[in-house]
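Since the structure comes first, as structure tokens, the remarks are kept for the end.
2 protein chains.
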Amino acid sequence: MYAYFAEEFATELINVQSDTELSGALAEVSRRLGFDHFALSLELRSGSREAPGLLLHDYPDEWAKVYVAFDLAGQDPVRRACDKSFIGFAWDMLEEMIPLTRGDRQMLAVGKECGIGDGYTVPRHLPGLARGTCTFAVCPDRDLPRCRLALAEIVGTLALSCALALGPSRSTETVPVLSDRQRECLLWTARGKTAAETAIILGIGTETVIQHLKMARERYQVHCKQSLVVAALFDGLIGFADIIRWRDTG
Amino acid sequence: MYAYFAEEFATELINVQSDTELSGALAEVSRRLGFDHFALSLELRSGSREAPGLLLHDYPDEWAKVYVAFDLAGQDPVRRACDKSFIGFAWDMLEEMIPLTRGDRQMLAVGKECGIGDGYTVPRHLPGLARGTCTFAVCPDRDLPRCRLALAEIVGTLALSCALALGPSRSTETVPVLSDRQRECLLWTARGKTAAETAIILGIGTETVIQHLKMARERYQVHCKQSLVVAALFDGLIGFADIIRWRDTG
DNA sequence: GCTTACATCCCCTGTTCTTGGTATGTCGAA
DNA sequence: TTCGACATACCAAGAACAGGGGATGTAAGC
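The listed protein sequences derive, respectively, from chains A and B. Here the numbering used here is used: the first residue of the first sequence is 178, the next is one more, and so on. Here the numbering used here is used: the first residue of the second sequence is 178, the next is one more, and so on.
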């Protein structure tokens, strides 16, 4: 049943074309899993301007309104806990994950009054790209379906993945192609090396490194190092994993 | 059976006290799931001194050696793909996720020669704190157990969560805080503006912009613009959406 | 053979950046 | 009050880079 259920939901999501369809699918699956409500939020990384993202839920209106107020104050303990865990967590575990303030407890209490009892939240992050949560909750008088939390984890992950795919599609864009040498120079540049250092590492001339980076900039149509690195990161040509570790040692 | 399986593994992990025990548990569970090998890597973002992370695997020695060499060159396409997905992915999907270079394909080919065929990798990130992957792989002559990938997703997530709990306490972890001005300057820098241009935009002196960037670099302990931008992106201080959109319109 | 495309390598000039300084005003803690 | 921490602002010198040249070798296609 386990594998079948997840498989079925995954298949269903493949055909999802809009927020509304995803919302409907989530509503149905959350019921079948034994939950009363769901909430999916996806933030695409944009600090300042209008928040391009997605918020789907079937919470009671009352709670939704209150939640917005709390969220604006940045007081949601569940969100804070999301920064601490790889895996989903039931809300009754919050105290063991983060320190809870009086305001946090009050918020959870208000949630109960509005019809949201316990919940299970699946957190996911993509450095620099997105941050999402998928929550399944039950009414205050009911218990979480403990034996289905693993399934909720899968379903939440699938839903978040689907929501991400619904976002800005970059599939049709033509990604510039760099030669291997250009990419190597770019990688060491992203790691904070100067052209001269990169030249020594690669065993070629400093001017050659500069030339490789020049060509790479032309292909990406940018005119400085930092933009080149950002563009390459965004396109997946290089990854944070390739860079971050080297920051400390380099 | 499936729900039981995940539950059983979770129970097993609760009692795990050391890397060795986790490694053993993963080895066993990966066999039972129908895989030939596993690899778990966890990188913690620590000041530097302490153990930077954890690497457990039962890959063939030959491949482990080769992998280190490749990894030093930052050539692992799987790790790059980890920055793009909320959910685990089979390696035959790599091409649809990120651009593959010649070196990437070569690396995958060498992997096959060393006994690593296809694989399924579960990526997880905690902004500013940690990043981890859990991979289950099969020999070149075998196929991935497709019907158990959902289970692998759960198991991988549980294992990563366990590895995180095994790690050093993260009480000392501190994500650098920048002043508003510093972040503004950083943002325009990430957008490809020079210090002089940023100065005009913000209506302050060029030298002041340079000073703000200087302070920001000090707080992130990096020595150049591109590293500063990368670090800020990784920590979520700025997002690609703040930058990329601007590149297209500007 | 010829051409075209591309990866690789090198030089020069003017601009930009990094890095060491100094200085002022504000705010909160001692 | 005095002190420290911090954001803000500016200067000067040398290193590093962006953008302009040109050159060789290799592989594919006509």
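All C-beta atoms, glycine included, are put in the ideal place defined by N, C-alpha and C. Everything numeric in this text was worked out from a predicted model, so none of it was measured.
Inter-segment contact for the stretch 323-333 of chain B and the stretch 205-221 of chain B is present: three or more beta-carbon pairs are separated by less than 8 Å. Chain A places no beta carbon closer than 9 Å to that of residue 193(B), leaving this residue out of the contacts. Check the Cα spacing between residue 415(A) and each of 355(A), 399(A) and 378(A): the tightest is with 355(A). Not a single C-beta of chain B is nearer than 9 Å to the C-beta of residue 388(A).
For the pair residue 257(A) and residue 362(A), the Cα-to-Cα distance works out to about 38 Å. For the pair residue 313(B) and residue 270(B), the Cα-to-Cα distance works out to about 15 Å. Under the 9 Å criterion on CB atoms, residue 261(B) is classed as interfacial with respect to chain A. Using a CB distance cut-off of 9 Å, residue 200(A) does not count as an interface residue toward chain B.
At a cut-off of 9 Å between beta-carbon atoms, residue 357(B) makes no contact with chain A. Taken through DSSP and simplified to helix, strand or coil, residue 236(B) comes out as coil. Pairing residue 304(B) with residue 413(B) gives a Cβ-Cβ distance under 9 Å. Between residue 353(B) and chain A, the shortest Cβ-Cβ separation is not below 9 Å. Straight across, the Cα-Cα distance linking residue 198(A) with residue 215(A) is about 14 Å. Inclusion of residue 190(A) and residue 309(A) in the CB contact set at 9 Å is not warranted, their separation being larger than that value. Chain-ordered, the chain A residues with CB closer than 8 Å to the CB of residue 338(B) read 262, 263 and 264. Residue-level contact check: residue 330(B) touches chain A, since one or more beta carbons of chain A fall below 9 Å from its beta carbon.
Per DSSP, residue 358(A) is not a residue of any beta strand (DSSP E); the alpha helix (DSSP H) it occupies stretches across 357-367.
For residue 207(B), no beta strand (DSSP E) segment is defined; the enclosing uninterrupted segment is the alpha helix (DSSP H) at 196-210. Ranked by how close their Cα comes to the Cα of residue 275(B), the residues 202(B), 245(B) and 262(B) have 262(B) in first place. Here the stretch 379-388 of chain B does not lie against the stretch 231-241 of chain B, with fewer than 3 beta-carbon pairs under 8 Å apart.
Among the CB atoms of chain B, one or more fall inside 9 Å of the CB of residue 419(A). Neighbours of residue 275(B) across chain A, judged by C-beta separation under 7 Å: 413.
Comparing C-alpha distances from residue 357(A) to each of 280(B), 298(B), 353(B) and 404(B) shows the shortest one belongs to 280(B). Measuring C-alpha to C-alpha distances from residue 384(A) to each of 393(A), 394(A), 372(A) and 392(A) identifies 372(A) as the nearest.
Sequence-distant partners of residue 353(B) (beyond 5 residues in either direction) whose C-beta falls short of 6 Å from its own C-beta, in its chain, are 396 and 397. It is roughly 29 Å from the alpha-carbon of residue 410(A) to the alpha-carbon of residue 192(A). No Cβ-Cβ contact shorter than 9 Å links residue 306(B) with residue 405(B).
Here residue 257(A) carries a helix assignment [DSSP, helix/strand/coil].
Here residue 389(A) carries a helix assignment [DSSP, helix/strand/coil].
Contact between residue 243(A) and residue 287(A) holds: CB atoms are separated by about 6 Å, below the 8 Å threshold.
Pairing residue 289(B) with residue 320(A), the inter-Cα distance amounts to about 48 Å. For residue 209(A), not one C-beta of chain B is nearer than 9 Å to its own C-beta. Residue 304(B) is bridged by DSSP to nothing; it lacks a bridge partner.
Taking C-beta atoms as the reference points, residue 368(B) and residue 420(B) count as a pair closer than 9 Å. In summary, residue 298(B) is buried, with 16 or more beta-carbon neighbours lying within 10 Å of its beta-carbon over all protein chains present. Look at residue 298(A): its C-beta is not under 9 Å from any C-beta on chain B.
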